[in-house]
Every structure is written in C-alpha cells, then in structure tokens.
Amino acid sequence: MTTPKKKRYGYKPGGLWGTDPLYMASDEEGAWGYYWYHNDHLGTPKALTDETGRVVWDATADAFGSTTPWTHDVTNNLRFPGQYEDAETGLHYNYFRYYDPETGRYTREDPIRDGMNWYGYAGGNPTLKVDPMGLLAAIVCERCLKGSMTCYVNEGS
C-alpha cells in the first residue's frame, strides 16, 4: 500500500485566499520538498522551481485555462486563481462550482447570478479578470499588477 502524498500551499500575504500562490510543500516518499511558484499577472501558475532553482513544472494555457504541462517532475493542481484541478474529471474546483477549461464555462449556473451569462468565466475576459470563488468576475486593478496593493473590483452586472 502506498502512502498518499500530502501537500501544503502558501499564498501571497494580504491577498485573497487561494489566489497568487507562493509555494507548495509536498511530502514525496516521506521527505518534504519545497517548490516556488512563478505566476502571471493574474496569479495563474506558469512554473514551479525547486530549492535549487531548477524548473520542475511548467505549462502553457489557453485563454480559458486549458493547461498543457511541459515539464512535470512534480504534480501541480493549481490553475486559474482559486482553482484546483480535479485530475479524475479534468474539471477545476472553484469553491462554489466546477469549471470546465475545455469549454471555458462553469458546469452549473452562478449561485448569485452575476452578469448575463451565469455559466461564463470572468465575464468572458480571462486575460484581465479573475473569478477566484466562482461567484463574480472581478478586474485586477493596475496597482495590483505593479505589486503595490491587492484589490479586486466588481464592475457590477
């Protein structure tokens, strides 16, 4: 019987929980390894490096989050901000509902019915907006992109 792997995640201080990851600690065969995230402007992981700086995971993703890992010495399940990939279904768990990166849509309607498309991700604009909880699309403000503050702005419906 194999022992299940344990993982722990650390996120950017002061940020919205589940967005903009900093590191992953993974228990591989009884020894903890630490890996550092390299994210894009929205907080989506693009690469992981180990303690020596070697790339152990990197990937490309299309605009709606369908991810193709190129290097995968470790498993990384984090995707768009707030999303965790379910390897069995291929869907991304987003706290309140599941997201299908192949269609760019959620599998269930928005529980708070934000906007006109209750199944869409980030108001149809995933290069400038995030939806970390699966409830509403929010703009990542310019100051946040420059690293001086963290804020999410909902434009309203």
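Using the working numbering, the first residue of the sequence shown is number 1161, and each one after it goes up by one. Where a beta carbon is used, it is the ideal one built from N, C-alpha and C, also for glycine.
Please say whether residue j and residue i have beta carbons closer to each other than 9 Å?
| i | j | result |
| --- | --- | --- |
| Ala1247 | Asp1274 | no |
| Val1290 | Leu1202 | yes |
| Gly1193 | Gly1242 | no |
| Tyr1169 | Thr1179 | no |
| Arg1265 | His1252 | no |
| Tyr1281 | Tyr1258 | no |
Going by Cα to Cα distance, which pick from the options is closest to residue i?
| i | options | result |
| --- | --- | --- |
| Lys1165 | Tyr1259, Tyr1266, Thr1235, Tyr1279 | Thr1235 |
| Phe1256 | Glu1245, Gly1250, Arg1268 | Arg1268 |
| Val1215 | Phe1224, Pro1229, Ala1223 | Pro1229 |
| Ala1185 | Gly1175, Leu1208, Tyr1266, Arg1265 | Leu1208 |
| Lys1206 | Gly1213, Ala1219, Tyr1244 | Ala1219 |
Straight-line CA distance for residue i to residue j?
| i | j | result |
| --- | --- | --- |
| Ser1226 | Asn1277 | 20 Å |
| Ala1221 | Lys1167 | 23 Å |
| Asn1254 | Ala1191 | 29 Å |
| His1232 | Tyr1279 | 31 Å |
| Lys1306 | Asp1200 | Model confidence at Lys1306 stands at a pLDDT of 48, short of 50, so the residue's coordinates are unreliable; what they give is reported in the following sentence. Cα to Cα, Lys1306 sits roughly 12 Å from Asp1200. |
| Pro1173 | Glu1262 | 31 Å |
| Trp1217 | Ala1223 | 19 Å |
| Gly1133 | Pro1292 | Residue 1133 is absent from the model: the chain starts at 1161 and stops at 1317. |
| Glu1189 | Tyr1195 | 16 Å |
| Leu1288 | Ile1299 | 6 Å |
| Tyr1197 | Pro1286 | 20 Å |
| Asp1187 | Asn1237 | 15 Å |
| Thr1204 | Gly1175 | 14 Å |
| Glu1245 | Asp1270 | 19 Å |
| Thr1249 | Glu1211 | 31 Å |
| Ile1272 | Gly1213 | 42 Å |
Open item on the list: Threshold first: 4 residues or longer. Then list the alpha helix (DSSP H) segments lying entirely within the segment 1199-1281, N to C.
Closed with: Unbroken alpha helix (DSSP H) stretches of 4 residues or longer found wholly inside the segment 1199-1281: none.
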